[in-house]
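Going by this note's numbering, the residue at position 112 of the sequence shown is 112; the numbering climbs one at a time, nothing skipped. Beta carbons: idealized from backbone N, C-alpha and C, even for Gly.
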Amino acid sequence: MDEMRIDKWLWAARFFKTRSAAQEEVSLGRVLVDGSRAKPSRSIRPGNLLEIRRGEEVFKVYVEGLSNTRGPAAVAQKLYRETQESKTMREARAAAAKIAFEPSVVRKGRPTKKEGRELRRFKDSL
Numbered sequence: 001m002d003e004m005r006i007d008k009w010l011w012a013a014r015f016f017k018t019r020s021a022a023q024e025e026v027s028l029g030r031v032l033v034d035g036s037r038a039k040p041s042r043s044i045r046p047g048n049l050l051e052i053r054r055g056e057e058v059f060k061v062y063v064e065g066l067s068n069t070r071g072p073a074a075v076a077q078k079l080y081r082e083t084q085e086s087k088t089m090r091e092a093r094a095a096a097a098k099i100a101f102e103p104s105v106v107r108k109g110r111p112t113k114k115e116g117r118e119l120r121r122f123k124d125s126l
């Protein structure tokens, strides 16, 4: 086997939990193959450079191997090699997020009764 579908490879390499999620991300243009958009049925082979956007994370990886099955994480990591530039960018972004996190990322939904009382007290004290 010298080539396989990109959606199947992304699933086997554990970038996405399901193959349908991988298909959708490729269709939306969040996965680039050698700098250009691809369809989920696009064949990849070892040596291809992939740019994978997963939320805030961006991975730039070289395809090192192919697998039809989804194995453990240790085996999946042998299917690709991440560029040093990609690693440093992700580490820098993670460090910046720890220092000054975005409150809207943590907070979801309406405030609780307790939080509402605290907000009213704070507004009244101004």
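Sequence-distant residues of its chain with Cβ nearer than 8 Å to VAL128 (five each side left out):
Nothing can be reported for residue 128: it is not among the residues displayed for the chain, which extend from 1 to 126.
Taking buried to mean at least 16 other C-beta atoms within 10 Å of its own C-beta, is LEU126 buried or exposed?
exposed
Would you please state the rounded distance, in angstroms, between the beta carbons of GLU43 and LYS60? I believe it to be under 8 Å.
According to the sequence provided, residue 43 is Ser. The question's Glu does not apply to it. 20 Å between Cβ atoms; not a contact.
How close, in whole Å, do the beta carbons of PRO40 and ARG90 come, if the pair is a contact with beta carbons under 8 Å?
At roughly 25 Å, the Cβ-Cβ gap does not stay under 8 Å, so PRO40 and ARG90 are not in contact.
Quick one: is LYS8 buried, meaning 16 or more other Cβ sit within 10 Å of its Cβ, or exposed?
buried
Beta-carbon proximity list for GLY47, same chain, < 8 Å, skipping 5 on both sides
TYR62 and VAL63
On the criterion of 16 or more Cβ atoms from any shown chain inside 10 Å, does ALA73 qualify as buried, or is it exposed?
exposed
In whole angstroms, what is the alpha-carbon distance linking LYS123 and LYS98?
28 Å
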